[in-house]
Amino acid sequence: MLDPKCLRGDLLATAANLARRGFVLDVAYVEKIEERRKQLQIEADRLRAQRNAGAKAVGNAKSKGEDVAPLLAQAQEWGAQLAQAEGALEALQNELTQLQMGVPNLLHESVPDGRDEHSNLEVRRWGAPRQFEFEPKDHVAVGEPLGMDFESAGKISGARFVVMGGALARLHRALIQFMLDTHTRDHGYKEMYVPYLVTEQTLTGTGQLPKFKQDLFSIEGEHPLYLIPTAEVPVTNLVRDQILAPESLPLKFTAHTPCFRSEAGAHGKDTRGMIRQHQFEKVELVHIVRPDSSYAALEELTAHAEAILKALQLPYRVLALCAGDVGFGSAKTYDLEVWLPSQRKYREISSCSNCESFQARRMQARWRNPATGKPELVHTLNGSGVAIGRALVAILENYQQADGGVSVPEVLLPYMGGVTRLTAG
RNA sequence: GGAAGCGUGGCCGAGCGGUUGAAGGCACUAGUCUUGAAAACUAGCAACGGGGCGACUCGUUCGUGAGUUCGAAUCUCACCGCUUCCA
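Take the first sequence: its letters are residues 22 to 446, numbered as in our numbering.
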């Protein structure tokens, strides 16, 4: 959610920034509704002050033993007027809130122009794609003989799920362990275990609701709950409705969770294999920081995700997303893309975003600024550190051997119980 | 599954229909004292929204929502959370 002041004072500047994303802000409509809001609010406040004064007068008269009947009649009348004004204000406020909840974050000035992913800016590359002396297979062809089973998954749950067995399942788990250990041991993160089912309010705090309901799985019940699409949601909401002490910042959390996405609107995209699943694992990184250090934190967080790919010896590149490709709640995003030999392309494996105060405002997550003594909104950042399923895909493809086996990356060996190589059978 | 109790400011905790935004304490900030610090004493100290260039001013907020009332932290109902007891 934007600062409401952005929808008042410099409305044109706000609209111009949003236009870079391709978001059209109806300036005339906002001006009209804001003008009316102001009128109604002033009127309601005036009537309420009048009502309060009337009620107080009744109390005074009563304590003196005077006749209160005429005062009561007047107070009743004022109360009725107030109720009407409040009703009108509330209706308008709801309309305004609905509008505000649908407006994306303002972009940071360093975000490159562009309408879609074709305009993303490559910032750097690491590692050289391996030269194969044979035609590299894709991760499905490599994985299926090793225990990657889409047929069973289809029987149990339908499309976009996977079953894995044996050493392959272990490798998948090893990735989780390795990433959590690296981030907690080397990068100063606190490991968190969090719920996978969350409330509507929680998802509203991080910006998935109300606008992106179609991307979420929900469960029926007395109170509806949603399956998390990313650990960003429960972890970031840890600081909701909090006023944090300045010395407690920055907070750096990491969590491993499964993620659930309906992938509505992705029909026909990445239908083969594990690239795009309804359920996948991810190790997430979240920073809660002072506003003046959030861009330094974005670089730091991105470097932490990169460290995982470096340790796994997976070639990757870093992109600064262009204006049209930056997500709803983010002011600036770096994507990490890992090399997939079968596609001869880099594919997204991590997305690191600075949401500035966008989520903090929805969550009322604040810190007490010692300079002012006042509570101020924190900045929140999140990034995958990294996606487990896609890391597994990248390993199968990049570490495959001519005989169909896959060697285990060195840093994962401590987690593999003596398995150094995955082989069929 | 049944019964009782509790949710108040950054934290603890009083208040249980009328000038209470809310006693007291802790924490915090400033001052006095001190070479300095601590202690003691004195003072200040909630958040959010609106209006005004501004001094300032109006309003909202005592788990959440609805209701009763001229007026609700205080009464009623529902919901959420926590605690205790019984099966």
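Glycine included, each C-beta is placed from N, C-alpha and C at the ideal position.
Keep in mind that this is a model prediction, so the values were computed, not measured.
Member of the options whose CA lies at the smallest distance from the CA of residue i
| i | options | result |
| --- | --- | --- |
| Ala276 | Leu443, Tyr420, Gly209 and Thr441 | Gly209 |
| Val347 | Ala34, Ala78, Arg136 and Lys53 | Arg136 |
| Val215 | Gly148, Glu305, Ser131 and Asp262 | Glu305 |
| Val144 | Ser131, Gln152 and Pro150 | Ser131 |
| Leu110 | Ile63, Pro435 and Asn81 | Ile63 |
| Gln263 | Val407, Ser405 and Arg382 | Arg382 |
| Cys376 | Ser315, Gln421 and Ala112 | Ser315 |
| Ala78 | Asp66, Ala65 and Ala94 | Ala94 |
| Leu342 | Leu335, Arg29, Tyr355 and Ala415 | Tyr355 |
| Thr251 | Trp388, Cys280, Gln102 and Ser239 | Cys280 |
| Thr401 | Asn419, Ser378, Leu117 and Met185 | Ser378 |
| Leu357 | Leu23, Ala326, Gly345 and Gly350 | Ala326 |
| Glu321 | Tyr367, Val124 and Asp207 | Asp207 |
| Ser371 | Arg365, Gly394, Gly404 and Ala352 | Gly404 |
| Asp134 | Gly345, Glu431, Leu433 and Tyr436 | Gly345 |
| Leu319 | Ser351, Ser363, Cys373 and Gly350 | Cys373 |
| Asp66 | Ala49, Ala106, Gly30 and Lys85 | Ala106 |
| Glu302 | Ala188, Leu128, Phe349 and Arg411 | Arg411 |
Helix, strand or coil at residue i according to DSSP, with G and I counted as helix
| i | result |
| --- | --- |
| His299 | coil |
| Tyr210 | coil |
| Lys232 | coil |
| Gly226 | helix |
| Ala341 | strand |
| Lys273 | strand |
| Pro125 | coil |
| Pro279 | strand |
| Gln219 | Note that residue 219 corresponds to Val in the displayed sequence, not to Gln. Correct three-state label for Val219: strand. |
| Val427 | strand |
| Leu335 | coil |
| Val183 | coil |
Unbroken beta strand (DSSP E) run spanning residue i, endpoints
| i | result |
| --- | --- |
| Lys353 | Lys353 to Leu361 |
| Thr441 | Per DSSP, Thr441 belongs to no beta strand (DSSP E) and is neither H nor E. |
| Ser372 | Lys366 to Asn375 |
| Pro91 | Note, Pro91: premise wrong, no beta strand (DSSP E); alpha helix (DSSP H) at Ala90 to Met122. |
| Leu398 | Pro396 to Leu398 |
| Arg146 | Leu142 to Trp147 |
| Tyr247 | Leu246 to Leu248 |
Straight-line gap, residue i to residue j (C-alpha atoms, nearest Å)
| i | j | result |
| --- | --- | --- |
| Gln121 | Arg41 | 18 Å |
| Gln298 | Arg181 | 5 Å |
| Ala328 | Leu340 | 16 Å |
| Leu147 | Tyr337 | First, the residue type needs correcting, since residue 147 is Trp and not Leu in the sequence shown. Going by the C-alpha atoms only, they are around 5 Å apart. |
| Val89 | Leu68 | 21 Å |
| Leu218 | Gln97 | 47 Å |
| Ala74 | Leu92 | 11 Å |
| Glu202 | Asn115 | Residue identity check: residue 202 is Asp in the sequence provided, not Glu. Asp202 and Asn115: Cα-Cα distance of roughly 46 Å. |
| Ala112 | Thr225 | 20 Å |
| Gln385 | Leu167 | 48 Å |
| Asn126 | His139 | 21 Å |
| Thr444 | Gly426 | 5 Å |
| Leu272 | Thr220 | 23 Å |
| Met200 | Ala392 | 37 Å |
| Leu361 | Glu431 | 19 Å |
| Val310 | Leu270 | 6 Å |
| Ser436 | Gly446 | Here the sequence assigns Tyr to residue 436, which means Ser is not the residue at that position. Rounded to the nearest angstrom, the two C-alpha atoms are 21 Å apart. |
| Asn258 | Leu196 | 26 Å |
For residue i, the first and last residue of its enclosing alpha helix (DSSP H)
| i | result |
| --- | --- |
| Val79 | Val48 to Lys85 |
| His325 | Ser315 to Ala332 |
| Ile409 | Ile409 to Asn419 |
| Leu192 | Gly187 to Arg206 |
| Arg311 | Looking at the DSSP string, Arg311 is not in any alpha helix (DSSP H), and its letter there is neither H nor E. |
| His160 | His160 to Gly164 |
| Val260 | Element bounds for Val260: n/a, residue is neither H nor E. |
| Arg382 | Phe379 to Met384 |
| Arg387 | Counting along the chain, Arg387 falls outside any alpha helix (DSSP H), though it belongs to the beta strand (DSSP E) covering Arg387 to Arg389. |
| Leu33 | Leu32 to Arg42 |
| Gly175 | Phe171 to Ile177 |
Cut-off 8 Å between Cβ atoms - residues of its own chain near residue i, not counting five sequence neighbours on either side
| i | result |
| --- | --- |
| Gly175 | Phe182 |
| Ala317 | none |
Close-in-space but distant-in-sequence residues of the same chain around residue i (CB under 7 Å, 5 per side omitted)
| i | result |
| --- | --- |
| Asp424 | none |
| Arg293 | Val161 |
| Arg282 | Asp236, Pro250 and His299 |
Beta-carbon contacts of residue i that lie in its chain and below 6 Å, excluding the five residues immediately before and after
| i | result |
| --- | --- |
| Pro231 | Met122 |
| Asn390 | Glu397 |
| Gln102 | Leu68 |
| Pro245 | Ser239 |
| Ala332 | Val432 |
| Ala459 | With the chain covering only 22 through 446, there is no way to say anything about residue 459. |
| Ser428 | Tyr420 and Arg442 |
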